[in-house]
Amino acid sequence: MRYIIIILIFTFTIKAFVIAQNVGQQSGDTTKLINYTDIQGNRQGNWHRKYESGKTAYTGYFVNNKLIGDYKRYYESGQLKVYVKYNKTGNVGYAILYWNNGFKMADGKYVEQNIKDSIWNYYYESGKLASTESYKVSIKDGVFNNYFENGKQSQALTYKNNKKDGLWKTFFENGGVRYETRHINDKRDGPFNVYFDDGKLYLKAHYKNDLPDGKWTFYNKDGSLWKELEYINGKLVNEDKYDEEFKKQMKEWEQMKGKIPEPKEENFFKSNNKSDVE
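All residue numbers for the sequence shown refer to the working numbering, where the first residue is 855 and numbers rise by one.
Listed below in structure tokens is the structure:
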């Protein structure tokens, strides 16, 4: 009896070893594998993970740890969270991300599994377009546009090789220009104009190497002169004109980012949830 048990254990061990060695080889059939990791630590074949509730968390097909074909991730409610269609090598994928209410959150192209490339569009929970962004293999490059939920543009900002470079404009919800300036190599450089919501000029100013420089002229809404400041390389010359109201206004301008929060792609590929891709 003991001899038979030893033979059975030895036979099972040999079979398991052979199967593990075949995984990942081109001649091996990985289509029947479920949640399998080979001896090199690479995920292979079909993966289907569930939440603790039993509902599907994600489904995908791996070849040597790379997603191939359809990848789907779900909210625990059952609503589709992300869908990516990868090519045969897994190097390119076209993604659609969804809010929990079923409306589209974002769409765009991935390279090397989860690196943004080309044009990405982001949407409000209402489904309306919120922003468009341009990438070259994760590097910001091109025009970034933001929109109010009413469809009108709220910002236009240009990047070159991951740095702000070119015209930067923000808009009021009525469509009028709020302020405009330029960047050179990620620094504000050139005219900086701010407008009232009726289109009249509020501030005519200038930046040099990202510092206030020259005359900063403020106007009342009726077009009359309100106050004038003088800067030299960021240093205010006529400090007697610089009161608390101006300090507050300057701080607000410095903090203007105009960026709409983006969905985090890493949440769709990596998570602390036990059901997610590890």
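Even glycine gets a Cβ: it sits at the ideal position worked out from N, Cα and C.
1) Compute the Euclidean distance between the alpha carbons of V997 and Y1049, then round it to the nearest angstrom.
2) Determine the direct distance from the alpha carbon of G914 to that of Q880, and round the result to whole angstroms.
3) Counting along the chain, where does the beta strand (DSSP E) carrying E987 start and finish?
4) Under the three-state reduction of DSSP, which class applies to K1014: helix, strand or coil?
5) If you measure between the beta carbons of Y928 and A949, is that distance less than 9 Å?
6) What's the C-alpha gap between D995 and L1079?
7) Give the secondary structure of K1102 by DSSP, where H, G and I count as helix, E and B as strand, and everything else as coil.
8) Determine the closest residue to P1066 out of Q898, G1077 and P1045, with distance taken between C-alpha atoms.
9) Any idea which residues DSSP pairs I950 with across the strands?
10) In whole angstroms, what separates the C-alpha of I1144 from that of Y1061?
11) Under the three-state reduction of DSSP, which class applies to G878: helix, strand or coil?
12) Checking the sheet assignment: what are the DSSP bridge partners for E1084?
13) Go ahead and label K909 buried or exposed: buried means 16 or more other beta carbons lie within 10 angstroms of its beta carbon, across all protein chains shown.
14) Please identify the residue among N1087, K1017, T986 and E987 whose C-alpha is closest to the C-alpha of A1059.
15) So is the beta-carbon of Q933 under 8 Å away from any non-hydrogen atom of the ligand ADP?
16) According to DSSP, simplified to helix, strand and coil, what is E1034?
17) With a 10 Å radius around its C-beta and 16 neighbouring C-beta atoms as the bar for buried, classify K943 as buried or exposed.
18) Roughly how many angstroms lie between the CA atoms of V938 and Y912, to the nearest whole one?
19) Compare the beta carbon distance of G981 and D971 with 9 Å and say whether it is the shorter of the two.
20) Starting from the Cα of W901, find the closest Cα among I893, Y925, E930 and R1042 and give me that residue.
Taking the coordinates as given:
1) Here the question's residue 997 lines up with position 143 in the sequence shown. Here the question's residue 1049 lines up with position 195 in the sequence shown. Cα-Cα distance, rounded: 22 Å.
2) One-based indexing of the sequence shown puts residue 880 at position 26. One-based indexing of the sequence shown puts residue 914 at position 60. Any reading at Q880 must be qualified, since the residue scores a pLDDT of 41, below 50, and its modelled position is unreliable; the value itself is stated next. Using only the alpha carbons, I get a separation of about 19 Å.
3) Taking the first residue of the sequence shown as position 1, residue 987 is located at position 133. Where E987 is concerned, the enclosing beta strand (DSSP E) stretches over L983 to K990.
4) Taking the first residue of the sequence shown as position 1, residue 1014 is located at position 160. Three-state result, K1014: strand.
5) Counted from its first residue, the sequence shown places residue 928 at position 74. Counted from its first residue, the sequence shown places residue 949 at position 95. Inclusion of Y928 and A949 in the CB contact set at 9 Å is not warranted, their separation being larger than that value.
6) Start at 1 with the first residue of the sequence shown, and residue 995 comes out as number 141. Start at 1 with the first residue of the sequence shown, and residue 1079 comes out as number 225. Using only the alpha carbons, I get a separation of about 39 Å.
7) Within the sequence shown, numbered from 1, the residue matching residue 1102 stands at position 248. K1102 falls in the helix class under three-state DSSP.
8) Position 212 of the sequence shown holds residue 1066. For P1066, the closest alpha carbon among the candidates Q898, G1077 and P1045 is that of P1045.
9) For the purposes of this step, residue 950 is identified with residue 96 of the sequence shown, where counting begins at 1. In the DSSP output, where bridge partners are listed per residue, I950 has Y937 and D961.
10) Residue 1144 is absent from the model: the chain starts at 855 and stops at 1132.
11) As a first step, residue 878 must be located in the sequence shown, where it is residue number 24. Confidence at G878 is low in this model, with a pLDDT of 45, below 50, so the placement of that residue should be treated as unreliable; the coordinate-derived value is given next. The answer is coil: DSSP assigns G878 none of H, G, I, E or B.
12) As a first step, residue 1084 is located in the sequence shown; it is residue number 230 there, counting from the start. Paired residue(s): K1069.
13) Within the sequence shown, numbered from 1, the residue matching residue 909 stands at position 55. Exposed.
14) Counting from one through the sequence shown, the residue named residue 1059 turns up at place 205. Among N1087, K1017, T986 and E987, the Cα nearest to that of A1059 is on N1087.
15) Although the ligand ADP was asked about, the structure shown includes no ligands whatsoever.
16) Numbered from its first residue, the sequence shown carries residue 1034 at position 180. Residue state, collapsed to three classes: strand.
17) Here residue 943 refers to the residue found at position 89 of the sequence shown. Just to set this straight, residue 943 is Thr in the shown sequence, not Lys. Label assigned to T943: exposed.
18) By one-based count along the sequence shown, residue 938 stands at place 84. By one-based count along the sequence shown, residue 912 stands at place 58. If you draw a straight line from the Cα of V938 to the Cα of Y912, it is about 11 Å long.
19) On the sequence shown, position 127 is the one that residue 981 refers to. On the sequence shown, position 117 is the one that residue 971 refers to. Not in contact: G981 and D971 (Cβ atoms no closer than 9 Å).
20) Position 47 of the sequence shown holds residue 901. In terms of Cα proximity to W901, the closest of I893, Y925, E930 and R1042 is Y925.
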